[in-house]
Every structure is written in C-alpha cells, then in structure tokens.
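In the working numbering, the protein residues as written are 7 to 184.
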C-alpha cells in the first residue's frame, strides 16, 4: 500500500494502549495513512481489568491522552481522529455503519474478524480488515506492552541491584560535593 494513499473515509482500531510504544504508534500511523477519519477505541479501565493483561494498566485518561497527543502530531491537515472508550471487543466498529475498515494486528485479527462477522449479522455493510505487519523489537519478536513493561521492570531491578551505597543513583548533587 502506498503511504498516504487514502482508501477509506472512516476506519477503526482498538486496544488497551498501555505504555504507548513504537508498536502502537506503528498501528495508529497506518490507520492515519489510509483514512480521512480514524476512530481509536481505548479500553475503559473496567474492560481492561476484565481482559486479564499480564502487565500493569495505566488509567484510561493517561492512555487516551497519549493517543490524542500522538495523533495531533501525526494527523494530516483536515484529518479527523476520535478517541473513545470501549467496553467490549466490538467498540464502535461493531455498530457504526460509517466505518469501512478495521485495522488489526496478527494478535487482534481473530477479534477483528468476529467484529466484521457480527456487523454482517446485524445487516451492516461488511468491513475490510486491514492487518498491520508487526513492528519487531531488538529480539526479533513483535513489540507488545507486556514485553515493554517486562523490559522496564528488568531495567529498574538491575539499576536497584547495582546502586552504590551512600551514593545518589540519579547523581543529583554529585557536582556540588567537588
């Protein structure tokens, strides 16, 4: 697909988007590149808890604000982005007749296909399902919030284990002692 080739009037994507990372930005950027309007469903705090994620989940307001800020920087002039809470897997894509496509990852493809099927069962126009190639991390595996959180936790643990007793680990005030 050519970059910047607008193919749809309105697309949707959804997720938890905890600790907005390069993989999330890659997904959002693809949506921005193919549509005039992008609807980003962000799991509500309650729905996120029900999903049983293996990592901490930031509050909805934090996750939604990060997406809004990212989209404000990346959206084209005149492009519309709607960020909305979702309380189920379908989100707006399952009910909004104006949505023409759903953007998915390999990880979310099964749910995207379920949403597309439910729309048809409701008599709505079928959705195109656009699958984004995963963005790979340094280990060659797809980026995920679980892996990012795990890496952060490991880094913090390593830093804590290697602290020098009596020395400020951040180096604050170190220069004033000389």
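Cβ atoms here follow ideal geometry from the backbone N, Cα and C, with glycine treated the same way.
The C-beta separation of residue 16 from residue 106 comes to about 6 Å, placing the pair in contact by the 8 Å criterion. For residue 70 against residue 45, the beta-carbon gap comes to about 13 Å, at or over 8 Å, which does not count as contact. Beta-bridge pairing by DSSP links residue 90 to 47.
Assigned with DSSP and collapsed to three states, residue 75 falls in helix. If you look at residue 125, you'll find it in the alpha helix (DSSP H) that goes 115 to 127. One alpha carbon belongs to residue 144, the other to residue 36, and they sit about 21 Å apart. If you check the CB distance, residue 67 and residue 24 do not come in under 7 Å. With a 10 Å radius around the Cβ and a threshold of 16 neighbouring Cβ atoms, residue 12 comes out exposed. Secondary structure at residue 16: strand, using DSSP grouped into helix, strand and coil. The DSSP-derived three-state label of residue 54 is helix.
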